[in-house]
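This report concerns only the one structure given below.
Protein chains: 2
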Amino acid sequence: MSDDASNPVFELFNEIGIINQLSRAFFEARLPNGMVLPHFSVLNHLMRVGEGRTPLQIARAFQVPKNSMTHTLAGLEKRGLIEVRPHPSDRRSKTIWLTDAGRAFRGEAMARVGRDMAPVLPEMEPEDVQQTLAFLKSLREVLDRARD
Amino acid sequence: MSDDASNPVFELFNEIGIINQLSRAFFEARLPNGMVLPHFSVLNHLMRVGEGRTPLQIARAFQVPKNSMTHTLAGLEKRGLIEVRPHPSDRRSKTIWLTDAGRAFRGEAMARVGRDMAPVLPEMEPEDVQQTLAFLKSLREVLDRARD
DNA sequence: ACTATATGGTTCGACATCGAACATTATGGA
DNA sequence: TCCATAATGTTCGATGTCGAACCATATAGT
Numbered sequence: 001m002s003d004d005a006s007n008p009v010f011e012l013f014n015e016i017g018i019i020n021q022l023s024r025a026f027f028e029a030r031l032p033n034g035m036v037l038p039h040f041s042v043l044n045h046l047m048r049v050g051e052g053r054t055p056l057q058i059a060r061a062f063q064v065p066k067n068s069m070t071h072t073l074a075g076l077e078k079r080g081l082i083e084v085r086p087h088p089s090d091r092r093s094k095t096i097w098l099t100d101a102g103r104a105f106r107g108e109a110m111a112r113v114g115r116d117m118a119p120v121l122p123e124m125e126p127e128d129v130q131q132t133l134a135f136l137k138s139l140r141e142v143l144d145r146a147r148d
Numbered sequence: 149m150s151d152d153a154s155n156p157v158f159e160l161f162n163e164i165g166i167i168n169q170l171s172r173a174f175f176e177a178r179l180p181n182g183m184v185l186p187h188f189s190v191l192n193h194l195m196r197v198g199e200g201r202t203p204l205q206i207a208r209a210f211q212v213p214k215n216s217m218t219h220t221l222a223g224l225e226k227r228g229l230i231e232v233r234p235h236p237s238d239r240r241s242k243t244i245w246l247t248d249a250g251r252a253f254r255g256e257a258m259a260r261v262g263r264d265m266a267p268v269l270p271e272m273e274p275e276d277v278q279q280t281l282a283f284l285k286s287l288r289e290v291l292d293r294a295r296d
């Protein structure tokens with residue numbers, strides 16, 4: 001049977017789904033109370049890409065529906081980790097900023113995850129990581145275009 | 149700032165999460181009514197790996213909690229796509245089998261997804277796919293061991 | 001054989017996630 | 001200027017997902 005099912009691309013998606021499960025579980029086991037991976041991911045995103053993004057921009061960055069991002073941001077705001085300010089030029093929109101508590105929390109969580117991940121990191125060749133990362137980024141663009 | 153945050157492994161997890169979102173949305177847009185990616189994935193798994201697996205084996209294969217698999221299997225059985233039989237030697241357990249309808253459904257869904265994916269598949273070098281797949285499988289094992 | 005512990009699966013309650021419909025504000029064209 | 005349409009974000013209802021507690025059966029130790 002050499003139909004589409006045998007295309008390794010499907011196997012790739014399968015593997016990606018499984019790693020997603022594993023990494024999600026790994027992160028969430030190291031976050032307090034009811035915090036979930038998207039909470040941490042958004043804090044991290046704001047650090048890396050910059051604060052002052054709009055909710056829609058963040059939703060698009062993670063490829064999740066905008067109402068999902070509304071919910072995630074509400075959780076972060078409730079915990080005092082982000083601050084929501086009006087958009088300077090578009091009154092429909094908002095901008096998202098980290099609070100000091102948010103920066104501190106992200107730093108602590110990152111340190112904890114990094115510490116527990118440290119034993120296994122040396123097993124991965126940086127070159128392989130880079131190569132995989134490059135391919136996945138191109139795959140993301142391909143999927144994004146196929147989204148119609 | 150060259151702390152753990154800059155480790156490309158985290159970027160890798162991020163990219164994996166995004167591609168997971170995209171591929172999930174892509175698949176589910178091509179499945180009927182209330183069917184969801186795990187439904188399709190399980191059917192596919194039974195075809196590839198073989199029928200007669202137990203729910204727990206399947207849950208471990210996808211790295212999801214066993215109660216989540218209970219729910220997914222219930223959905224498949226309700227739709228008549230799988231059949232649950234008692235385990236021959238362990239009365240706590242069960243075995244999962246595809247029905248004819250399940251095999252047919254999986255074939256149709258696979259064909260539809262494959263057709264819509266066809267335009268973008270040529271953009272990916274088979275060699276890159278293989279390389280990525282190999283690395284991700286090793287990454288999965290690393291994470292699995294780190295699971296404690 | 002008997003009990004303690006482990007294992008497979010389900011139930012339950014809490015919560016994340018999503019599509020669809022909605023309110024509000026922007027934008028573009030007559 | 002005015003209206004139709006688009007864009008941003010929220011609300012609502014339905015459902016997926018998960019951890020914890022729970023049954024039923026197996027296994028191990030004595």
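Same order as they appear, the protein sequences are chains A and B. Heads up, the first sequence is in the numbering used here, so the first residue is 1 and it goes up one at a time. Heads up, the second sequence is in the numbering used here, so the first residue is 149 and it goes up one at a time. A virtual CB, placed ideally from N, CA and C, is assigned to each residue, including glycine.
Check                                                                                                              : Outcome
Span separating the alpha-carbon of R305/B from that of R240/B                                                     : Beyond the ends of chain B as shown, which are 149 and 296, falls residue 305/B; an answer cannot be given.
Rounded C-alpha distance that separates M47/A from L31/A                                                           : 18 Å
Per-residue contacts from Q63/A into chain B (C-beta, under 7 Å)                                                   : I166, Q169, L170
In DSSP terms, what T161/A is bridged to                                                                           : What the structure shows of chain A is the stretch from 1 to 148, and residue 161/A is not part of that stretch, so it cannot be assessed.
Selected residue, minimal CA-CA separation from R79/A, among D90/A, A111/A, G102/A, R85/A                          : G102/A
Nearest neighbour of T99/A, chosen from E51/A, M35/A, L37/A, L22/A [CA to CA]                                      : E51/A
Contained alpha helix (DSSP H) runs [length at least 4] in the stretch 13 to 76 of chain A, N- to C-terminal order : 37 to 49, 55 to 62
Residue span of the alpha helix (DSSP H) that contains V261/B, given as start and end                              : 248 to 265
Contact under 8 Å by Cβ, Q63/A with Q169/B                                                                         : yes
Three-state secondary structure assigned by DSSP to V157/B                                                         : helix
Helix, strand or coil at V277/B according to DSSP, with G and I counted as helix                                   : helix
Below-8 Å beta-carbon distance, H14/A vs any chain B residue                                                       : Sequence inspection shows Asn at residue 14/A; the His mentioned does not correspond to that position. Chain B contact via Cβ: present.
Cβ of V129/A within 8 Å of any chain B Cβ                                                                          : yes
Under 8 Å between C-beta atoms of L204/B and K214/B                                                                : yes
Own chain residues within Cβ distance below 6 Å of G17/A, not counting five before or after                        : none
Classification of N181/B by the beta-carbon crowding that lies within 10 angstroms, buried from 16 upward          : exposed
Closer than 8 Å to chain B by CB, T70/A                                                                            : no
Candidates V129/A, F13/A, V49/A, P122/A, of which the one nearest I96/A by Cα                                      : V49/A
Proximal residues, the stretch 253 to 278 of chain B versus chain A, C-beta separation under 9 Å                   : R254, G255, M258, A259, V261, G262, R263, D264, M265, A266, P267, V268, L269, E271, M272, E273, P274, D276, V277, Q278
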